[in-house]
Amino acid sequence: MPGGPSAAGGPVIGASGSKNKFAGIAMTTFSAFGGILFGYDTGVISGIKEMKAWLRQFGFASDDLVKNPTGYAISSSTESLIVSILSAGTFFGALAAAPAADILGRKWGIIFATLVFCIGIAMQTAATGVALFVVGRVFAGLGVGLVSCLIPMYQSECSPKWIRGAVVSTYQWAITIGLLLAAVVNNATQHRDNASAYQIPIAIQFAWAAVLAGGMVLLPESPRWLVKRGRDADAAVSLSRLTGSPTNSAEVESELDEIRGNLEEEKQYGESSYADCFRFTKNKIALRTLTGIFIQAWQQLTGINFIFYYGTTFFKNSGIDDPFVITIVTSVVNVFMTLPGMWGIERFGRRRLLLVGAIGMCLCEYIVAIIGVTISVNNIAGQKVLIAFVCFYIAFFASTWGPVAWVITGEIFPLQVRAKAMSLSVASNWLWNFGIGYATPYLVNKEPGSAGLESKVFFIWGSTCFCCIIFTFLCIPETKGLSLEQIDVMYQNTTPIKSLEYRRRLIAESANTEYTNEKAEAIDSSLGEKQV
-15 MPGGPSAAGG PVIGASGSKN KFAGIAMTTF SAFGGILFGY DTGVISGIKE
35 MKAWLRQFGF ASDDLVKNPT GYAISSSTES LIVSILSAGT FFGALAAAPA
85 ADILGRKWGI IFATLVFCIG IAMQTAATGV ALFVVGRVFA GLGVGLVSCL
135 IPMYQSECSP KWIRGAVVST YQWAITIGLL LAAVVNNATQ HRDNASAYQI
185 PIAIQFAWAA VLAGGMVLLP ESPRWLVKRG RDADAAVSLS RLTGSPTNSA
235 EVESELDEIR GNLEEEKQYG ESSYADCFRF TKNKIALRTL TGIFIQAWQQ
285 LTGINFIFYY GTTFFKNSGI DDPFVITIVT SVVNVFMTLP GMWGIERFGR
335 RRLLLVGAIG MCLCEYIVAI IGVTISVNNI AGQKVLIAFV CFYIAFFAST
385 WGPVAWVITG EIFPLQVRAK AMSLSVASNW LWNFGIGYAT PYLVNKEPGS
435 AGLESKVFFI WGSTCFCCII FTFLCIPETK GLSLEQIDVM YQNTTPIKSL
485 EYRRRLIAES ANTEYTNEKA EAIDSSLGEK QV
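In terms of the numbering used here, the sequence shown has 321 at position 337, counting the first letter as 1, and numbering is strictly consecutive.
Right under this line is the structure:
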């Protein structure tokens, strides 16, 4: 259920009600399946661009069998275009998520996104030349961009505050599962000597889109969006499904009242526009928007997608015999190390996890860079240590910056500008994703016109992770256990550095209010029984 005063307490609603409440959490968690579209599409390109069948179809013949053992190759410019163009599409898809979320709603916006995504997959599957393949990547990117904004928004608005962080984190977990599935499928089809080698991994994405769209049809719409559209009765029905309480219950009415009250207060600032996302108001809208934009940017600047876009190529150039298998290993680490993050986000809080993660990634990336420049590709022991620290780096990311950045983006914006501010934040993620994806071949590859940094690129990622430490300390408040409305109050009355103390005060006040309400309900119930 959405966060509100009754989200962390309230009267006992009975066994069936409790069961329905957890059914509501399960419904909200299901929407995280959209992360598989994101992760799989990101991971599949890393493998197929190294397949002989794909290189033969979209590249050119090469006589340098040492550098290109398949006998085919593509230029850095083509590689950059094909890998990064998805992120260009997702950038515009994320921006389009704001009108889609406000007009179609969070639920139907996600379903619309899957249709756009399928158009792109159909183009890539049927492509026989680079042009159609690139256009297909753009359309798939539009769909992924819509999904990457709408799903965290939907989850944040429909989850209980006591587990909201963990629920939104499941989106990042689904991304990691998508990356792992892509690695496994790529490894299974890589040795096929015809177009099916890459067409099968691409076409499987139709199944992921169908599962997401079919499931979303059955889920309730966001009650906050319904209240914003003036559909209070529908909002009560949606809340009833999510909380397991009757539509006329005190719990549902209390949450509806809080959502309405918060929305009315925000409407005093007038209708929202993109310019309103950057206004310096009492509600600190500009700070919150810039925080969302920069946390998504810093997430990309940790360098994580270097591993998942170019990991197969990087490991091959480092002297690893079977880079496809190593890609599966790193994907497995990514999947399983997201689980501690999903638990820790409600145990230790958002701010602490981000700080620990940034410090851990910074150290690991500097170590990888140092190993890369001090040993040869023939040093097997050294290459194993390099892989180990890459895995440690992925583990720190997966348990901290991976899920927490999406959680922060989903919960720090007020309802009036949430769709627009979230779309700007997620667009920032994809803009940097595009820039990193496009620039990396020129930074890493050893060929004319490229910098040839190879593993030295990790010095760059280590330095950006150091900047993540400073950004988190100055700009990220602790929002664990607060409702979305309480987060508004926090921003109005304190700063991120002092947020821990103010958060404790808000939780204490909320607990006192809930206790008073429960006591009043118990007295009313007792009086009613006596009258009977």
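Here a beta-carbon is modelled for each residue, glycine too, at the ideal position from N, C-alpha and C.
Tell me whether R334 is buried or exposed, calling it buried when 16 or more other Cβ atoms sit within 10 Å of its Cβ. Classification for R334: buried.
Leaving out five residues before and five after V317 in sequence, what residues of the same chain have Cβ atoms less than 8 angstroms from its Cβ? These residues qualify, in order along the chain: C375, I378, A379 and A382.
Taking one C-beta from the segment 477 to 495 and one from the segment 348 to 368 each time, how about it: are there three or more such pairs within less than 8 angstroms? The answer is no - the segment 348 to 368 does not touch the segment 477 to 495, with fewer than three Cβ pairs under 8 angstroms.
Let's see if you can read the secondary structure: which residues bound the alpha helix (DSSP H) around S140? V114 to C142
Residue from S409, E438, A411 and V118 whose Cα sits closest to the Cα of A423: E438
Could you compute how far the alpha carbon of N496 sits from the alpha carbon of L490? 10 angstroms
Cβ atoms of K36 and T54: under 8 angstroms apart, would you say? yes
Return helix, strand or coil for A179, following the three-state DSSP convention. coil
Check the C-beta distance from R121 over to I69 and give it rounded, since I have them as a contact under 8 angstroms. Taking a contact as a CB-CB distance under 8 angstroms, the pair R121 and I69 counts as one, their CB atoms being some 5 angstroms apart.
Between the segment 19 to 30 and the segment 152 to 162, do at least 3 Cβ pairs fall closer than 8 angstroms? A contact between stretches requires three or more CB pairs, one per stretch, nearer than 8 angstroms, and the segment 19 to 30 meets this requirement with the segment 152 to 162.
Residues of its chain near L168, where Cβ-Cβ distance is below 7 angstroms and the 5 sequence neighbours each way are ignored: Looking at the sequence shown, residue 168 is not Leu but Val. Cβ neighbours of V168 beyond the five flanking positions: I312.
Would the segment 412 to 421 count as touching the segment 71 to 80 if we require 3 or more Cβ pairs under 8 angstroms? yes
Is it buried or exposed for E248, if we count other Cβ within 10 angstroms and need 16 for buried? exposed
Taking the alpha helix (DSSP H) that N216 belongs to, which residues open and close that run? Checking the displayed sequence, the identity of residue 216 turns out to be Asp instead of Asn. Where D216 is concerned, the enclosing alpha helix (DSSP H) stretches over D216 to T227.
Same chain, Cβ closer than 6 angstroms to F373, five either side skipped, listed in chain order: C348, I351 and V352
Using CA atoms only, rank isn't needed, just tell me which of G386, F443 and S409 is closest to V357. F443
Would the segment 150 to 157 count as touching the segment 222 to 238 if we require 3 or more Cβ pairs under 8 angstroms? no
Among the residues of its own chain, which have a CB less than 6 angstroms from the CB of I103, if the five just before and after it don't count? F123
Report yes if the C-beta distance between R448 and L285 is below 8 angstroms; otherwise report no. For clarity, residue 448 is Thr in the given sequence; the question names Arg instead. Yes, the Cβ-Cβ distance between T448 and L285 is below 8 angstroms.
Once you ignore the five residues that flank A259 on each side, which residues in its own chain have a CB closer than 7 angstroms to its CB? none
Would you kindly report the start and end of the unbroken alpha helix (DSSP H) that includes M107? Secondary structure note for M107: its alpha helix (DSSP H) is the uninterrupted segment R90 to A110.
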